[in-house]
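Trainee: Counting from 1, one number per residue, gives the positions in the sequence shown under UniProt numbering. Ideal Cβ positions, reconstructed from N, Cα and C, are used throughout, including at glycine.
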Amino acid sequence: MQNMSGDPAARAVYGTLLKAAGKPYLDMLRRWTRTGSLVDPYEEFCVKENKFIDRGTLEMDYTDEYWDRRYTLRDGTTLSASNARHQAGVPPPRPATGHLPGGACVPPLLEPWKRKVLLAGKYLNVIRECGIEIRKDSGNEDDNDWSMDDEKFYKSIEDDYTHANSTLLQLLLKDEELIPRLRCLKRYFFLSHASFLTHFLDLSHSELRKSAKSASLVKLQSLLDLALNNDAHGDDMLFREDVKVTLAGSGLYDWLLKVVSVNGEIGREVSPGLEDEKEKERGKGKGRDKDKDKDKDKDKQMLAIDALALDFHVKFPLSLVISRKTILRYQLIFRFLLHLKHVEQALSAMWIEQKSHAWRCSVPSHPEFEKWRLRVFCLRARMLSFVQQILAFVTFEVLEPNWRALEAKLAKVVTVDQLLRDHVDFLDTCLKECMLTSSKLLRAYSRLMTTCSTFALYTANFSKSANHAIAATEGMEDEKSMARRWDVLNKFEANFSHWFKIHVDCVQFYASSENVSLLPLVVRLNSIKGTS
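#1: If we cut at 9 angstroms on Cβ distances, does C361 have a partner in chain C?
#2: Span of the beta strand (DSSP E) holding Y71?
#3: If you reduce the DSSP assignment to three classes, tell me which class D311 lands in.
#4: Just curious, the alpha helix (DSSP H) that L238 is in, first and last residue?
#5: What residues in its chain sit with their C-beta under 8 angstroms from that of N526, if we drop five residues either side in the sequence?
#6: By DSSP, does T35 sit in helix, in strand, or in coil?
#7: Spell out the partners DSSP gives V243 in its beta bridges.
#8: How would you write the range of the beta strand (DSSP E) that V47 sits in, first residue to last?
#9: Suppose only complete runs of 4+ residues qualify. What are the alpha helix (DSSP H) ranges in the region 454 to 512, listed by chain order?
#10: I think L217 touches L169, with their Cβ atoms under 8 angstroms apart; what is that distance to the nearest whole Å?
#11: Cβ of F239 within 9 angstroms of Cβ of R324?
#12: Relative to the alpha-carbon of S261, which residue among D40, P367 and S439 has its alpha-carbon at the smallest distance?
#13: Please state if the CB of N165 and the CB of G36 are separated by a distance shorter than 9 angstroms.
#14: Is it the case that the Cβ atoms of D225 and H199 are separated by a distance below 9 angstroms?
#15: Are the Cβ atoms of Y161 and K116 separated by less than 9 angstroms?
#16: Note down the Cα distance separating E177 from R443, rounded to an integer number of angstroms.
#17: May I ask you to report which of helix, strand or coil DSSP gives T437?
#18: Below 8 angstroms CB to CB, which residues in the same chain sit around M482 once its five sequence neighbours on both sides are set aside?
#19: Considering only residues of the same chain and omitting the five flanking positions on each side of L406, which have a CB-CB separation below 6 angstroms?
#20: If you draw a straight line from the alpha carbon of F153 to that of T33, how long is it in whole angstroms?
#21: If you draw a straight line from the alpha carbon of V398 to that of V516, how long is it in whole angstroms?
#22: Would you mind giving the Cβ-Cβ distance between L337 and V394, rounded to the nearest angstrom? I have them listed as a contact below 8 angstroms.
#23: I need the DSSP call for S211, collapsed to helix, strand or coil.
#24: In angstroms, rounded to a whole number, what distance separates the CA positions of residue 559 and L347?
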């Protein structure tokens with residue numbers, strides 16, 4: 001056509017032939033963007049359907065399969081990266097021209113519009129899956145005269161895309177009550193109303209002290225329901241029956257370190273209890289067997305409280321937004337907060353224990369014991385202050401501001417893609433600012449928390465040792481007993497101080513380089529450092 005630009009008669013002939021030859025393609029495109037129906041017997045259209053994937057087979061994750069793979073572009077480009085191509089199912093280019101054959105070759109004029117063409121029909125199919133009738137093709141006779149060089153044709157694509165987008169967005173936000181459900185996730189997974197958690201931990205204390213494999217999931221679920229029903233009021237009543245208890249198969253920090261070191265990101269895995277299959281294949285011979293044995297030993301030793309997580313049941317089409325990948329992110333933040341709350345509770349219980357006579361009475365005849373006792377107080381106070389500062393930073397300076405920013409974006413959202421992107425970006429930002437995506441920060445932080453929780457477990461031992469020292473004041477206490485007390489305490493102090501310094505240094509480094517949001521945490525941690 002370009003070569004014939006100087007010959008009006010030839011251009012008119014070729015234009016008529018091209019318009020007639022392209023009419024079946026335009027009819028397929030119009031039917032797809034207006035009704036979501038794909039009729040392509042010769043595989044000529046730029047969109048293809050994987051008929052083996054349907055709603056009925058997708059119990060676990062609609063987003064992974066239905067949203068991304070049910071309908072795709074035939075040339076292999078993806079929505080997330082238009083230049084990236086999946087090689088599976090994409091035919092090789094023709095040797096002579098280098099172009100893709102058949103429907104994989106998108107018409108050049110349609111290339112900038114192919115993404116909207118795909119999404120317009122895909123949105124309509126999601127709406128149809130929800131039982132909502134799709135409008136019939138309202139094309140008029142003028143549509144038959146359109147061609148790919150007609151502006152009206154592209155305006156029609158834009159209108160179809162806008163209609164499908166606004167209809168699905170309205171369905172998610174209004175009919176399916178997406179915003180209240182996200183608030184429910186914030187309430188229970190981010191502990192914005194944490195009274196239910198305290199009640200639940202009290203009710204399930206004995207069950208959570210068992211190993212993860214011995215704990216009864218049914219009993220924990222019934223106790224959670226009891227806690228939710230007793231503490232629910234107002235908005236807390238909404239969707240609480242969708243909150244479920246689950247037990248992960250591995251420790252939070254070990255799993256995070258493995259994922260970050262292997263993949264460099266979070267969200268590809270199905271659940272925090274499952275190991276990455278690629279990671280399994282990397283181990284060979286005896287080394288792999290030893291790693292498996294170590295993992296089994298850790299799993300056997302892991303308590304139910306360390307494996308405890310919440311799950312949230314959602315139905316289609318909400319599962320497009322609240323998918324398994326996003327719920328995984330919510331679970332990681334919940335387990336992170338739960339561990340902080342649990343250690344805070346344990347250290348507070350230690351403070352209550354240390355209000356007894358053995359810890360408060362004056363023993364002037366035994367100054368070494370009083371010095372040891374004071375050091376125990378100081379170390380416990382430092383640990384408790386550290387846990388509370390992390391908890392305050394995460395809740396008030398990370399989760400709450402980011403949630404307000406998300407709500408502001410959702411109030412202005414105009415496309416479904418933007419909605420999905422804003423939700424995932426919100427969770428990824430929270431994970432990053434909670435220090436759960438850096439292996440160096442994770443390693444130092446996990447060692448610190450392990451030291452604090454282990455120190456809290458020594459509450460009974462410390463009290464027993466204090467009572468023994470008080471009883472021995474009338475006589476001569478064995479110097480070895482006092483030396484053993486100091487030995488245990490010095491190990492805790494040295495370990496905590498060592499990892500605390502490493503953690504502060506890491507936080508300062510990341511705050512000054514790639515994660516400015518950590519600057520408030522630097523100030524908080526330096527206040528502990530200054531009073532130590």
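Mentor: Looking at the coordinates:
#1: Judged by its chain identifiers, the structure shown contains no chain C, having just a single protein chain.
#2: Membership of Y71 in the beta strand (DSSP E) is indicated by the continuous run Y71 to L73.
#3: DSSP places D311 within a strand segment (E or B) once states are collapsed to three.
#4: Run containing L238: none; DSSP gives neither H nor E here.
#5: Only V504 meet the Cβ criterion.
#6: Here T35 sits in helix by DSSP.
#7: By DSSP's assignment, V243 forms a beta bridge with F312.
#8: Residues V47 to E49.
#9: Here the runs fully enclosed are 459 to 471.
#10: Contact check for L217 and L169: beta-carbon distance about 37 angstroms, past the 8 angstroms limit, so the pair fails to qualify.
#11: Cβ distance not < 9 angstroms, so F239 and R324 don't count as in contact.
#12: Of the candidates D40, P367 and S439, the one whose C-alpha sits nearest the C-alpha of S261 is S439.
#13: Against a cut-off of 9 angstroms, the Cβ pair of N165 and G36 comes out as no contact.
#14: Result no, Cβ atoms of D225 and H199 do not sit closer than 9 angstroms.
#15: Taking 9 angstroms as the Cβ cut-off, Y161 and K116 qualify as a contacting pair.
#16: When the Cα atoms are used, E177 and R443 turn out to be separated by approximately 39 angstroms.
#17: It is coil, neither helix nor strand.
#18: Answer for M482: E368, F369, W372 and A469, listed in chain order.
#19: Apart from sequence neighbours up to five positions away, the residues of its chain that approach L406 with a beta-carbon distance below 6 angstroms are F426, ordered along the chain.
#20: In this model, F153 and T33 are separated by some 12 angstroms (Cα to Cα).
#21: Taking the Cα positions, V398 is about 12 angstroms away from V516.
#22: With a beta-carbon spacing of about 7 angstroms, L337 and V394 fall inside the 8 angstroms limit used to define contacts.
#23: Strand at S211.
#24: Only positions 1 to 532 of the chain appear in this structure, which leaves residue 559 out of reach.
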